[in-house]
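Report on the following structure.
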Amino acid sequence: MLATFVAGTTESAAGIIEVQNYSMVNGSGTSNWGSYNYYDTTYSGSGNKNAEGTIFDANGKAIANPAAMLSGGTGLLTDGVIATQNYSQVSPGQYVGWKYIDPTITFKLTANSGVQGISIAVGLSPFVQSYVVDGNVVLGSGLVGPPATFELSINGGASTIYTPVASSVTGNSEILTILFPDLVVGDTFALTLKRGPLLHDGLFYNNFYNGNPANHIGDPQFYLNAGQPNLEPWLMVSEVQFLSAVPEPSTWVMMIAGFAGLGFVAYRRKTQSAIAMA
Numbered sequence: 001m002l003a004t005f006v007a008g009t010t011e012s013a014a015g016i017i018e019v020q021n022y023s024m025v026n027g028s029g030t031s032n033w034g035s036y037n038y039y040d041t042t043y044s045g046s047g048n049k050n051a052e053g054t055i056f057d058a059n060g061k062a063i064a065n066p067a068a069m070l071s072g073g074t075g076l077l078t079d080g081v082i083a084t085q086n087y088s089q090v091s092p093g094q095y096v097g098w099k100y101i102d103p104t105i106t107f108k109l110t111a112n113s114g115v116q117g118i119s120i121a122v123g124l125s126p127f128v129q130s131y132v133v134d135g136n137v138v139l140g141s142g143l144v145g146p147p148a149t150f151e152l153s154i155n156g157g158a159s160t161i162y163t164p165v166a167s168s169v170t171g172n173s174e175i176l177t178i179l180f181p182d183l184v185v186g187d188t189f190a191l192t193l194k195r196g197p198l199l200h201d202g203l204f205y206n207n208f209y210n211g212n213p214a215n216h217i218g219d220p221q222f223y224l225n226a227g228q229p230n231l232e233p234w235l236m237v238s239e240v241q242f243l244s245a246v247p248e249p250s251t252w253v254m255m256i257a258g259f260a261g262l263g264f265v266a267y268r269r270k271t272q273s274a275i276a277m278a
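Numbering (UniProt numbering), first residue to last: 1 to 278.
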């Protein structure tokens, strides 16, 4: 049975643990009515990094494309670049995006790595358009939202659901972080990004565009894969970082106080010496 935890809110300057490789389904693109192909274009492992990651079964339900699986390499998600601009205004090579699916990304670290937390940099919808619906202004466009939760399995163990803590980078992106209450030792982390509920733009699209013959977007899969389950279509990720153990905030306070005390003692001695010499 899945356990649910709310991630801690402690913030510290953590070290970054190197990812040896990660495996996942490739991103989605223009064949799914995207503005760009949000593929992992720099991926170094096996698999077709130009293959569409989302396909549909006979009933129109979105599934991960078996022909778009990537394994054994690294790419955009671990290149150290955290995108802060809007996904439609920067090179598509800064984001990997998935439409209508909750991707699982399996990260391999060095053996017995001590992990304190995970940070995920995600893209957000640009709130640049407004519509009036029943007298109310509805903001948003792009049909992109952050994951609502993360499902994590470590070293093949049972899955745990985490609700991340968000910190804003810009209006176009944010950092989502999960911090573990205790240091986690492992080398295989299977992280599933779970889409959140429809945002204003998704609700507007579902109510006023979907099925409208005049709709130039014409996405026949929207209702089944977004409107009906009430899930925002797109997830955009630019970077995933594993955080190493760091001193507790109280430890930092004590260390800083100790350094300050040493500095004050040195200052007093220097001052007293100067007075004696005057």
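A virtual CB, placed ideally from N, CA and C, is assigned to each residue, including glycine.
None of the values given here were measured: they were computed from a predicted structure.
Determine the burial state of residue i: buried for a count of at least 16 other Cβ atoms within 10 Å of its Cβ, exposed for fewer.
i, result
"residue 208", "exposed"
"residue 185", "exposed"
"residue 54", "buried"
"residue 80", "exposed"
"residue 201", "buried"
"residue 99", "buried"
"residue 67", "exposed"
"residue 157", "exposed"
From residue i to residue j, what does the alpha carbon distance come to, in whole angstroms?
i, j, result
"residue 221", "residue 65", "16 angstroms"
"residue 49", "residue 82", "20 angstroms"
"residue 33", "residue 206", "15 angstroms"
"residue 63", "residue 180", "31 angstroms"
"residue 111", "residue 59", "42 angstroms"
"residue 47", "residue 105", "14 angstroms"
"residue 164", "residue 178", "5 angstroms"
"residue 190", "residue 152", "6 angstroms"
"residue 166", "residue 28", "24 angstroms"
"residue 30", "residue 182", "42 angstroms"
"residue 122", "residue 199", "15 angstroms"
"residue 57", "residue 227", "18 angstroms"
Would you check if the distance between the CB atom of residue i and the CB atom of residue j is smaller than 8 angstroms?
i, j, result
"residue 147", "residue 193", "yes"
"residue 77", "residue 93", "no"
"residue 70", "residue 43", "yes"
"residue 125", "residue 142", "yes"
"residue 162", "residue 149", "yes"
"residue 115", "residue 242", "yes"
"residue 36", "residue 26", "no"
"residue 15", "residue 244", "yes"
"residue 230", "residue 197", "yes"
"residue 120", "residue 19", "no"
"residue 84", "residue 172", "yes"
Opposite residue i in the DSSP bridges: which residues?
i, result
"residue 83", "Looking at the DSSP assignment, residue 83 forms no beta bridge with any residue, so it has no partner."
"residue 78", "Its beta-bridge partners do not exist; DSSP assigns none."
"residue 46", "71"
"residue 56", "62"
"residue 147", "195"
"residue 97", "236"
Identify the continuous beta strand (DSSP E) that holds residue i and give its terminal residues.
i, result
"residue 193", "173-195"
"residue 73", "69-73"
"residue 242", "234-244"
Can you tell me where the alpha helix (DSSP H) with residue i in it begins and where it stops?
i, result
"residue 203", "200-204"
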